[in-house]
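One structure is given here, and the rest of the page talks about it.
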Amino acid sequence: ISLDEKTKETIMNLVKEHEAIKNCYNLYSTPIGNKYFVVFTIAVDGEMSTYNSHKLANHLEKDVEALDKIDKVVIHVHPENLT
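Structure representation (structure tokens):
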């Protein structure tokens, strides 16, 4: 059982609020009781510092975890165009 489409769309809208995020992919969710554990990857400019990219991810994790259906979020950060 995965997240409903409305919640996925809400997550993607939260991602889009951050101009520094170039792409978002590999959204995965699994139920934990009546909530969900969510994992996804964001791509940022490869020149962004590790500190700033993780600060961005931490902020986004808190935004997503504030949603009613979400228990825990893990965001992987990759530089844009990583092959």
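Residues 251 to 333 (this note's numbering) make up the sequence shown, in order.
The C-beta atom is built at its ideal place from N, Cα and C for all residues, glycine as well.
Which listed residue (the options) has its alpha carbon closest to that of residue i
i           : options               : result
residue 286 : 316, 274, 298 and 299 : 316
residue 325 : 251, 296, 278 and 295 : 278
residue 268 : 321, 295 and 331      : 295
residue 328 : 313, 312 and 300      : 300
residue 284 : 251, 331 and 330      : 251
residue 288 : 304, 311 and 330      : 311
N-terminal and C-terminal residue of the alpha helix (DSSP H) that residue i is part of
i           : result
residue 319 : Neither: residue 319 is in no alpha helix (DSSP H) and is coded neither H nor E.
DSSP state of residue i mapped onto helix, strand, coil
i           : result
residue 306 : helix
residue 277 : strand
C-alpha gap between residue i and residue j, whole angstroms
i           : j           : result
residue 308 : residue 323 : 9 Å
residue 280 : residue 319 : 11 Å
residue 276 : residue 321 : 18 Å
residue 257 : residue 298 : 29 Å
residue 274 : residue 302 : 17 Å
Residue i, enclosing beta strand (DSSP E) - first and last residue
i           : result
residue 261 : It is not in any beta strand (DSSP E) - residue 261 instead sits in the alpha helix (DSSP H) that spans 255-266.
residue 292 : 285-294
Cβ pair residue i, residue j closer than 7 Å
i           : j           : result
residue 264 : residue 313 : yes
residue 292 : residue 261 : no
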